[in-house]
Amino acid sequence: MLDEQGRVMSSRADLALIFLEKPLESPGIPLADEDTRVGDSVIIAGYGYDEVADVFGWERRFCTNKITRLSLTEDERILIEQPGGHQYRQDSGGPCLRQGEKGPEIVGISSRWLGEGAACTSIHGHLDWLREEVRRAETPD
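Sequential numbering from 0 applies to the sequence shown in numbering that gives the first Met the number 0.
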C-alpha cells in the first residue's frame, strides 16, 4: 500500500534495497524482466544457520531448486522444491536467480523462514518500484 507521495506504507513482500556509499567494483546482477514459471530452475545463494550441522556457517552456499507454485495476490512468495528437503531455513534475504539469455538474473529474494516450506518473494510485481528506487538513488541531488 502506498501513501499520497508514492511511499510504501505496508507490504507483504519480503524485499529491501540497500544503498552503499561507494559502488561495488563487480557488476551487479540484473532484475529479470519476465516472471517465473512452474518448473523453472532457480538458484538460491546465502549463508547463515545450518540446521543440518547445527552451526552458524560463514561459507556461502547455493542450491538449484524447482519452482512448484507461482506468487499469488494474497501470498507473493514463489514456492520451491529444494533438494534434500527444507534446509537452511534462516537463509532469508539471499538472491533467487534464474539463468537468463544474457546470464543470471534476479527473480526473487529468499524467504525461507517465513511461512511453511522453502520459498522466495517474487520481484515481478515490484519491478517498477525497484527500478524507480534504484534510479532515484543513482540521480545526484
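Backbone N, C-alpha and C define an ideal beta-carbon position, used for all residues, glycine too.
Range of the contiguous alpha helix (DSSP H) that encloses residue i
i: E141; result: Only positions 0 to 140 of the chain appear in the structure, and residue 141 is not among them; the question remains open.
Exposed unless 16 or more other CB atoms sit within 10 angstroms - verdict on residue i
i: G38; result: exposed
i: Q81; result: buried
i: P94; result: buried
Span of the beta strand (DSSP E), counted from its first residue to its last, around residue i
i: L96; result: P94 to G99
i: R68; result: R60 to R68
i: L78; result: R76 to E80
Length of the line joining the Cα atoms of residue i and residue j
i: R60; j: H123; result: 24 Å
i: P26; j: I77; result: 26 Å
i: S142; j: P139; result: Because the chain spans 0 through 140 in this model, residue 142 falls outside it and cannot be assessed.
i: S40; j: E75; result: 18 Å
i: E132; j: F18; result: 10 Å
i: E100; j: D34; result: 14 Å
i: A118; j: A15; result: 16 Å
Residues sharing a beta bridge with residue i, DSSP
i: S121; result: G107
i: A44; result: F61
i: L30; result: I105
Contact under 8 Å by Cβ, residue i with residue j
i: D30; j: L96; result: Per the sequence presented here, residue 30 reads as Leu, with Asp not at that position. For L30 and L96, no; Cβs fall outside 8 Å.
i: P103; j: I43; result: no
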